[in-house]
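There are 2 protein chains.
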Amino acid sequence: MATSAERGRQVRSRLLQAAAELVAEQGWNAVSTRMVAERAGVAPGLVHYHFASLPALLTEASVQVMEAVVEGAEQGLSQARTAARALELMLADLDRYPGDDPASRLVSEAMLAAGRDEGLRTAMAGLLARFRARLGDRLAAQGVPDPHRTAAVLAAALDGMMLHRTLDPELTSTAVAPVLGRLLQDGTPGTAQEGHP
Amino acid sequence: MATSAERGRQVRSRLLQAAAELVAEQGWNAVSTRMVAERAGVAPGLVHYHFASLPALLTEASVQVMEAVVEGAEQGLSQARTAARALELMLADLDRYPGDDPASRLVSEAMLAAGRDEGLRTAMAGLLARFRARLGDRLAAQGVPDPHRTAAVLAAALDGMMLHRTLDPELTSTAVAPVLGRLLQDGTPGTAQEGHP
DNA sequence: GTTCGCCTTGGGCGACTGCCCAAATCCAGG
DNA sequence: CCTGGATTTGGGCAGTCGCCCAAGGCGAAC
């Protein structure tokens, strides 16, 4: 049979998963220690044995999930041979995370909670920076102008569209693909980019 | 002197303002009736005299603020004579709502709460649809291709950038302006679009 | 068999929650 | 003056909260 230390680690990971689910379902501030314990199938007191506090548990659980999400996106990205293909793959993620699914909700909840929790904020900032750097590098290799700023805008646009999709289900990947495609091509003359005097 | 009905209306509106502030500061689920009453300077029981429930108060308060935000954005938009100028004005809003200010936070909190509150969701969907329609019409008048889809992407991108800005303060309007400018020009390079044809 | 240390239990603490309500207060109309 | 209706008060209700802790269970080392 498993040693008690091994069982302990398993309980800890079950608590993390339960916490991630509940953050997505109920919202960051609506998750209680007893809820998490019940879903994980353990006694309430165990939460504060394995974690210093409830926010610490929620933070660790959320960061873990978001690392997996970013990992998945980066993996798809690394297979793209052209910028257009990379965009296509990112838009596929838009369908995979429609905005009202657990992963999308968790990311949004964490984004708001990050405004009130410094540790969470720095962790998320690191994740975002890493993803944007990778995307920017890929865009640069494909000759997209201003690649890293474009990457920043693309990442923000994707997040925003996931949010807006809750309010407008018609905001699908096929609907926005041609528009975003314009971001990837050279910006030639014509646009009246009105400068400041 | 004021009649009791007039004082009542004033108390009601103070409760609404206090609720909006607290949603932004503490988060949707962290606002309590007693908090709101204290900030509004009234007795706790008054909350349930003027409002059916706490969610009803939060919803009405948030919708009221968001209506004002959209109103302001539309007003600026109506003064723009070119698509580039319209974009410029929208980016100015990006600086006005840096992501960690009360208005931005309230919008984000409401967006998440809308996923769990049907009334709030339909109210917000209406606001978003109205804004996108106005923006799309303006882009169409300036010859921007696929104007209404472009408007949808622009609106989402703006929201997303406000969110990301809390994680990366360098995501300023000047940094993203040239990238977003590419959204406004024709797919095939060379089509200038200055003023009316 | 005994001891040791990690893991687990379940209840208890004071504080807080949304909502309710009898009683007090207020002012306009009679 | 008094009455009537709207507004306001502050406490009470049953429930939940985060966190804590004495006590017990359990496998490994000796």
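Chains as they are written, first to last, in UniProt numbering: chain A, 1 to 197; chain B, 1 to 197.
Yeah, the Cβ is synthetic: ideal placement off N, Cα and C, and Gly gets one too.
inquiry  = I need the boundaries of the alpha helix (DSSP H) containing residue 76 of chain B, first residue and last residue.
reply    = Per DSSP, residue 76 of chain B belongs to the alpha helix (DSSP H) from 54-78.
Residue 13 of chain A (DSSP reduced to helix, strand or coil) = Secondary structure of residue 13 of chain A (DSSP, three-state): helix.
| query | According to the neighbour-count rule (16 or more other Cβ atoms, all chains shown, within 10 Å of its Cβ), is residue 189 of chain A buried or exposed? | reply | Legend: pLDDT at residue 189 of chain A = 44, less than 50; position of this residue unreliable, value from coordinates given subsequently. Classification for residue 189 of chain A: exposed.
| Measuring from the CB of residue 167 of chain B, is there a heavy atom of the ligand NAD at a distance below 7 Å? | The ligand content of the structure shown is nil, which means the ligand NAD is not present either.
| Through-space distance from residue 103 of chain A to residue 179 of chain A, alpha-carbon basis | Each residue's alpha carbon lies about 25 Å from the other.
- [ ] Measure from the C-beta of residue 108 of chain B to each C-beta in chain A and report whether the shortest distance is under 8 Å.
- [x] Interface residue, yes.
Examine the Cβ distances between the region 88-107 of chain A and the region 156-165 of chain A and report whether three or more of them are shorter than 8 Å.
-> With a cut-off of 8 Å, the region 156-165 of chain A and the region 88-107 of chain A count as touching, because enough Cβ pairs lie within range.
Notebook entry, point to check: Given a threshold of 16 other Cβ atoms within 10 Å of its Cβ, counted over all protein chains shown, does residue 95 of chain B qualify as buried or as exposed?
Noted result: For residue 95 of chain B, the number of other beta carbons within 10 angstroms of its own is below 16, and it is reported as exposed.
**Prompt:** How would you call residue 78 of chain A, buried or exposed, if buried means at least 16 neighbouring beta carbons within 10 angstroms?
**Reply:** Classification of residue 78 of chain A: exposed, given that the 10 Å Cβ count is below 16.
- Query: In chain order, what residues of the region 154-170 of chain B put their CB closer than 9 Å to some CB of chain A?
  - Reply: Those would be 154, 155, 156, 157, 158, 159, 160, 161, 162, 163, 164, 165, 166, 167, 168 and 170, in chain order.
- prompt: Counting only runs that start and end within the region 105-154 of chain A, where is the alpha helix (DSSP H) found for 4 or more residues in a row?
  reply: As far as the region 105-154 of chain A is concerned, its whole alpha helix (DSSP H) runs of at least 4 residues are 118-141.
Own chain partners of residue 82 of chain A with C-beta closer than 8 Å, once the 5 adjacent residues on each side are dropped:
The answer, listed in chain order, is 142.
Proximal residues to residue 86 of chain B (C-beta, below 8 Å), its chain only, five neighbours per side dropped
Same-chain partners within the cutoff: 77, 80, 135, 138, 139 and 142.
- prompt: How big is the Cα-Cα spacing for residue 114 of chain A and residue 120 of chain A?
  reply: Each residue's alpha carbon lies about 5 Å from the other.
- Message: Between residue 18 of chain A and chain B, is the shortest Cβ-Cβ distance under 8 Å, so that the two count as touching?
- Response: Not one chain B Cβ lies under 8 Å of residue 18 of chain A.
Item to check | Three-state secondary structure assigned by DSSP to residue 197 of chain B | outcome: Reliability fails at residue 197 of chain B, whose pLDDT of 34 lies under 50, so the model's placement of it is uncertain and no value is given.
Are residue 173 of chain B and residue 91 of chain B touching if we call contact CB-CB under 8 Å? Against a cut-off of 8 Å, the Cβ pair of residue 91 of chain B and residue 173 of chain B comes out as a contact.
Buried or exposed for residue 126 of chain A, going by 16 or more other Cβ atoms inside 10 Å? By the neighbour-count criterion, in which 16 or more other beta carbons inside 10 Å mark a residue as buried, residue 126 of chain A falls on the exposed side.
Notebook entry, point to check: Between residue 39 of chain B and residue 9 of chain A, what straight-line distance do the alpha-carbon atoms span, to the nearest angstrom?
Noted result: Taking the straight line from one Cα to the other gives about 45 Å.
- Query: Which residues in the same chain have their Cβ closer than 7 Å to the Cβ of residue 12 of chain B, if we skip the five residues on either side of it in sequence?
  - Reply: Excluding sequence neighbours, residue 12 of chain B sits near 50.
Worksheet item: So is residue 170 of chain A buried or exposed if we call it buried at 16+ other beta carbons inside 10 Å?
Response: When all chains shown are included, residue 170 of chain A counts as exposed.
Buried or exposed (CB count within 10 angstroms, at least 16 for buried), residue 62 of chain B:
It counts as buried.
Exercise. Just mark residue 6 of chain B as buried or exposed, buried being the case when its beta carbon has 16 or more other beta carbons within 10 Å.
Key: The residue is exposed, with fewer than 16 neighbouring Cβ atoms inside 10 Å.
Checklist line | Anticipated Cβ contact below 8 Å, residue 56 of chain A with residue 29 of chain B, distance rounded | finding: Actually they do not touch by this definition, with Cβ atoms about 19 Å apart.
Is there a Cβ of chain B sitting closer than 8 Å to that of residue 183 of chain A, yes or no?
Against chain B, the CB of residue 183 of chain A has a partner CB under 8 Å away; the residue lies at that interface.
Quick one: does residue 76 of chain B have its CB under 8 Å from some CB of chain A?
-> The beta carbon of residue 76 of chain B sits no closer than 8 Å to any beta carbon of chain A.
Own chain residues within Cβ distance below 6 Å of residue 177 of chain A, not counting five before or after | Residues 91 of the same chain have their beta carbon placed closer than 6 Å to that of residue 177 of chain A, with the five preceding and five following residues left out of the count.
Report task. Answer with yes or no whether the minimum CB distance from residue 121 of chain B to chain A is below 8 Å. Result -> Nearest CB-CB separation between residue 121 of chain B and chain A: below the 8 Å threshold.
Proximal chain B residues relative to residue 149 of chain A, where beta-carbon distance stays under 8 Å: Per Cβ cutoff of 8 Å: 175, 176, 178 and 179.
Please list the residues of the region 32-59 of chain A that have a C-beta atom closer than 8 Å to any C-beta atom in chain B, keeping them in chain order.
-> So the list is empty, because no residue satisfies the distance condition.
**Item:** Neighbouring residues, chain B, relative to residue 124 of chain A (Cβ below 7 Å)
**Value:** Under a criterion of Cβ atoms nearer than 7 Å, the residues of chain B adjacent to residue 124 of chain A are, in order, 167.
Handout entry: residue 30 of chain B: contacting residues in chain A (beta-carbon distance under 7 Å)
Key = 29, listed in chain order.
Go through its chain and collect everything with a Cβ distance to residue 41 of chain A's Cβ below 8 Å, but skip five positions before and after it. Counting only Cβ-Cβ distances below 8 Å, and skipping sequence neighbours, we find 14.
Exercise. State yes or no: is the C-beta of residue 225 of chain A within less than 8 Å of the C-beta of residue 124 of chain A?
Key: Not covered by the structure: residue 225 of chain A. The range shown for chain A is 1 to 197.
Give the residues of chain B in contact with residue 100 of chain A, contact being defined as C-beta atoms less than 7 Å apart.
-> At a beta-carbon threshold of 7 Å, the residues of chain B lying near residue 100 of chain A are 115, ordered along the chain.
Problem set entry | Nearest-angstrom Cα separation, counted from residue 24 of chain B out to residue 3 of chain B | Approximately 32 Å, taken between the alpha carbons.
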